[in-house]
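Residue numbers (the UniProt record's numbering): 1 to 424.
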């Protein structure tokens, strides 16, 4: 019967002398928006029979009790968190009101590194243990420290120091007579290079030796010799040996010859190309001079004004040509010049020439054999007839010019004739 309070505001009527059933109108006490229930209707036309009453009749079977929205809407005022006491419901409004648990009420804040959790002004709080939170390990960091205690409030460790001058080992090979000083192990440094007589050496003429580290007694890697450096490649056929990027190379004492390979880039038979550096020069002779003066040059390609120098040693441009550009070779890298290759139709047709001891072959007239078919080729016959036609039309023109010159009088001759007068 407690649910009937929802229909307290409905007006129900029973019509006398009518076969129509009793009817109710109006609005229910609760709209059901806050907490709708399946066992309560929110329409006066659906009032259950046990909750009906006749308007104006004082002696009804039941009387409506005071409406209680807490019961009608089945309001739940359970605590929302650990530090909240069970709430109380306002029957007129159907709203809950809660009070905080007393300070010190046990709870759990869900944080693993807090201890003694309790409610404080409605919030669950614990005492943080930063040693536990940061998993602090207080192992001694020095052989001159002992113990090790972590303080929960800060998470920091404290240690006990060994007496000064206590022997220890600082773990460094270049120190001796290690002993404790104010909790630290300190030793006297020494030069391991001098102690063990370490001498750093270079692999060849073209490298500078590395430096010995006095703390380790080890040598650093050798470095390339900067700039020009003379050397000896142990080859009696070469002279003016010099270092090029760590390699000792000389130039042939008898000089070089150049053999024309063809039009395009210098490549090997598999179209693999060496590295090259390129720049503008005034003519082919200057390009050839640069290749001749570079011991690692295997050949060059030239098309005014671009000169390309090919080689297998250099990985950058020479220092004396800082304005030139460098291009790496193909992968895999070419190591010999055997052929030429034109990359695109629009590419400038440079001429590839190989450096070595074999020059271009000059053919003698006796080596030239011309067959009758080649001599009387269509092109040659066409040129022959063009020459005949030119001569034919040129003869009348020559005769006309000579006659024109004869008709003209010499001005000096005319003046002389007037001065002398007519001849007797």
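We put the beta carbon where it would ideally sit given N, CA and C, even for glycine.
Any beta strand (DSSP E) of 3 or more consecutive residues that is wholly inside the segment 332 to 360: 339 to 341 and 351 to 356
Three-way DSSP call (helix, strand, coil) for residue 370 in this model: In this prediction, residue 370 scores a pLDDT of 46, lower than 50, which makes its location untrustworthy; the coordinate-derived value is nonetheless stated afterwards. Coil at residue 370, not helix or strand.
Pair within 7 Å by beta-carbon distance, residue 244 and residue 277: no
Beta-carbon proximity list for residue 219, same chain, < 6 Å, skipping 5 on both sides: 200, 210 and 212
Pairwise C-alpha distance: residue 45 and residue 32: 15 Å
Residues near residue 183 by beta carbon distance below 8 Å, same chain, minus five either side: 142, 144, 145, 159, 161 and 162
Helix, strand or coil at residue 258 according to DSSP, with G and I counted as helix: strand
Nearest residue (CA-CA) to residue 326, options 354, 238, 274 and 6: 274
Supposed contact pair residue 206 and residue 172 - C-beta distance, whole angstroms, cut 8 Å: 36 Å between Cβ atoms; not a contact.
Candidates 270, 153, 291 and 307: closest to residue 341 by CA position: 270
One or two residues paired with residue 300 in a DSSP bridge: 309 and 353
With 16 other Cβ atoms within 10 Å as the buried cut-off, status of residue 316: exposed
Alpha-carbon spacing of residue 368 relative to residue 381, whole angstroms: Legend: pLDDT at residue 368 = 43, less than 50; position of this residue unreliable, value from coordinates given subsequently. Spanning the two alpha carbons is a distance of roughly 20 Å.
Integer-rounded CB distance, given that residue 35 should sit under 8 Å from residue 73: 4 Å
Minimum C-alpha distance to residue 27 - residue among 14, 18, 7 and 21: 7
Strand pairing of residue 149, partner residues [DSSP]: 158
Runs of alpha helix (DSSP H) lying entirely within the segment 213 to 295, each at least 4 residues, in chain order: 284 to 293
For residue 152, the nearest candidate out of 168, 134, 78 and 165 (CA to CA): 134
Sub-7 Å separation of residue 298 and residue 311 beta-carbons: yes
Burial state of residue 357, where buried means 16 or more other Cβ atoms lie within 10 Å: exposed
Endpoints, beta strand (DSSP E) assigned at residue 190: Run containing residue 190: none; DSSP gives neither H nor E here.
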